[in-house]
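K.L.:
One structure, pasted below without further comment.
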Amino acid sequence: MTTTAPTVTDAVKAAVILAITNMKGGVGKSTTTINLAKYIAQFSKQKVLVVDIDAQGNSTATFLSAVPKDALVGSDLFKAELPEGRLPAVASERVHVIAGDRLLKSVDGMVASDNAAARRALYQRFRANLRAVAQGYDVVIIDTPTTAEHRYFSAMVAADFSVTPALMDAFSLSGARDLVQALHDTKALYGNPRHKHVGILPNQFSKRSRLHQSSLEKITSAGIKVVPFQLNHRPAVQDAIDARRAVWEGDSEGRVNRAAGSEWKSACKAILAEVLQ
Ligand SMILES: Nc1ncnc2c1ncn2[C@@H]1O[C@H](COP(=O)(O)OP(=O)(O)OP(=O)(O)O)[C@@H](O)[C@H]1O
Ligand SMILES: [Mg+2]
Numbered sequence: 697m698t699t700t701a702p703t704v705t706d707a708v709k710a711a712v713i714l715a716i717t718n719m720k721g722g723v724g725k726s727t728t729t730i731n732l733a734k735y736i737a738q739f740s741k742q743k744v745l746v747v748d749i750d751a752q753g754n755s756t757a758t759f760l761s762a763v764p765k766d767a768l769v770g771s772d773l774f775k776a777e778l779p780e781g782r783l784p785a786v787a788s789e790r791v792h793v794i795a796g797d798r799l800l801k802s803v804d805g806m807v808a809s810d811n812a813a814a815r816r817a818l819y820q821r822f823r824a825n826l827r828a829v830a831q832g833y834d835v836v837i838i839d840t841p842t843t844a845e846h847r848y849f850s851a852m853v854a855a856d857f858s859v860t861p862a863l864m865d866a867f868s869l870s871g872a873r874d875l876v877q878a879l880h881d882t883k884a885l886y887g888n889p890r891h892k893h894v895g896i897l898p899n900q901f902s903k904r905s906r907l908h909q910s911s912l913e914k915i916t917s918a919g920i921k922v923v924p925f926q927l928n929h930r931p932a933v934q935d936a937i938d939a940r941r942a943v944w945e946g947d948s949e950g951r952v953n954r955a956a957g958s959e960w961k962s963a964c965k966a967i968l969a970e971v972l973q
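What follows is the structure, given as structure tokens:
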């Protein structure tokens, strides 16, 4: 099957930095990161840097069977100076990874939540380090943790764009309102006025669920940006992650769930089209 994947060639010179964020857990942040990185490498034929700032290291584990001892890791990006001579780990020709490591948890206690100036300085430090490392890549994708506000805002402040995978459950509207506030803080308080939100990406969706439909309608009517299609709940997505494959790639016997695969390819294509405008 042929795909006309968007590319960054000629569109922009510096790496495009995209954060995959949601303060809530289990919404598909890592799944989106992994599939998007594979999509860019496979179809756009461009160089991707996956930056995992979640100590769980779910994206890391998908791309690397082991993290090389001398590799640059996520917690390094929060240091005053980047350690010399350390580079992202090479997962494949076009996908490199800054691995999620245990020390990332210490970032949560680095500055007090009520100290806006110190927060801004921390987020700007991460931004400067990431932008230095991003040279030579076409797209950088940051996979972020749940309920870790300093890492959440570090990613938002470093990124040109963000995407918010979300479940359309009973709490989705309040989550979307928190997101509006976070976008405001990213731009006005923490120094990234040009940040652009690609939208909420409804995931694990069921068209037959009234709750999912009504939550989506409420968010849209509240004027919050939503990516204009939904990713359905499909077990094939979990199977693919388990096998370290993209959803559209066949298993060892060449079997692929076509509906799930084309859904995720369309999602990746739509996100990239927005990001590379
Ligand atoms: N569309 C989908 N259909 C079925 N399962 C899905 C779908 N999207 C994600 N999943 C599964 O849901 C679980 C949570 O997804 P994922 O790990 O990507 O979320 P997360 O937001 O990164 O979570 P965490 O906050 O723990 O980092 C995983 O087991 C994943 O395989
Ligand atoms: Mg995750």
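Positions 697 to 973 (the numbering used here) are the ones given, in order, by the sequence shown. Just so you know, even glycine gets a beta-carbon here, dropped at the ideal spot from N, CA and C.
(1) Checking 8 angstroms against the spacing of the C-beta atoms, do T729 and I837 come in under that value?
(2) Would you tell me roughly how many angstroms separate the C-alpha atoms of L912 and K921, rounded to the nearest one?
(3) Which residue or residues does DSSP assign as beta-bridge partners of V744?
(4) In chain order, which continuous runs of the beta strand (DSSP E) of length 3 or greater are located wholly inside the region 832–892?
(5) Hey, would you say L768 sits closer than 8 angstroms to I794, going by beta carbons?
(6) Using a threshold of 8 angstroms, state whether the C-beta atoms of C964 and N731 are closer than that.
(7) Decide yes or no for the touch test of the region 897–907 against the region 861–871: beta carbon pairs closer than 8 angstroms, at least 3 of them.
(8) For the region 929–966, which segments carrying the alpha helix (DSSP H) assignment without a break, of at least 4 residues, lie completely within its bounds, in sequence order?
(9) Nearest-angstrom Cα distance between A715 and R951?
(10) CB of T977 to nearest heavy atom of ligand 1: below 7 angstroms?
(11) For P898, which residues does DSSP report across the bridge?
(12) By DSSP, does L714 sit in helix, in strand, or in coil?
(13) So what's A812 in DSSP terms, helix, strand or just coil?
(14) If you pair each beta-carbon of the region 876–894 with each one of the region 849–856, do three or more pairs fall below 8 angstroms?
(15) Terminal residues of the continuous alpha helix (DSSP H) containing K734?
(16) Thinking C-beta only, is H792 closer than 8 angstroms to P784?
(17) Please classify R815: is it buried, with 16 or more other beta-carbons within 10 angstroms of its beta-carbon, or exposed?
(18) DSSP beta-bridge partners for V786?
(19) Could you give the DSSP three-state label for A767: helix, strand or coil?
(20) Is V922 helix, strand or coil when you go by DSSP?
(21) In chain order, what residues of the same chain have a beta carbon less than 6 angstroms from the beta carbon of G796, not counting five sequence neighbours either side?
P.N.:
Checking against the coordinates, here is how it stands:
(1) Cβ atoms of T729 and I837: closer than 8 angstroms.
(2) Roughly 11 angstroms between the two C-alpha positions.
(3) Paired residue(s): V791, V835.
(4) Those beta strand (DSSP E) runs which fall completely within the region 832–892 and span 3+ residues are 835–839, 857–863.
(5) For L768 and I794, yes; Cβs fall inside 8 angstroms.
(6) Contact flag set, yes.
(7) Contact between the region 897–907 and the region 861–871 is present: 3 or more CB-CB pairs across the two stretches fall below 8 angstroms.
(8) Assignment of alpha helix (DSSP H) within the region 929–966, counting only whole runs of 4 or more residues, yields 931–938 in chain order.
(9) Straight-line Cα distance between these residues: approximately 31 angstroms.
(10) Absent from the model: residue 977. The displayed extent of the chain is 697 to 973, so no value can be given.
(11) According to DSSP, P898 bridges with A862.
(12) Three-state DSSP puts L714 in a strand.
(13) The DSSP-derived three-state label of A812 is helix.
(14) Cβ pair count under 8 angstroms is three or more, so yes.
(15) Counted as a single uninterrupted DSSP element, the alpha helix (DSSP H) harbouring K734 occupies residues 725–735.
(16) Their beta carbons are under 8 angstroms apart, which means P784 touches H792 by this criterion.
(17) Buried, by the Cβ-count rule.
(18) Beta-bridge pairing links V786 to H792.
(19) A767 falls in the strand class under three-state DSSP.
(20) Here DSSP, grouped into helix, strand and coil, assigns V922 to strand.
(21) Apart from the 5 residues on each side of it in sequence, G796 sits with its Cβ closer than 6 angstroms to the Cβ of D748, D750, A751, G753, T756, G770 in its chain, given in chain order.
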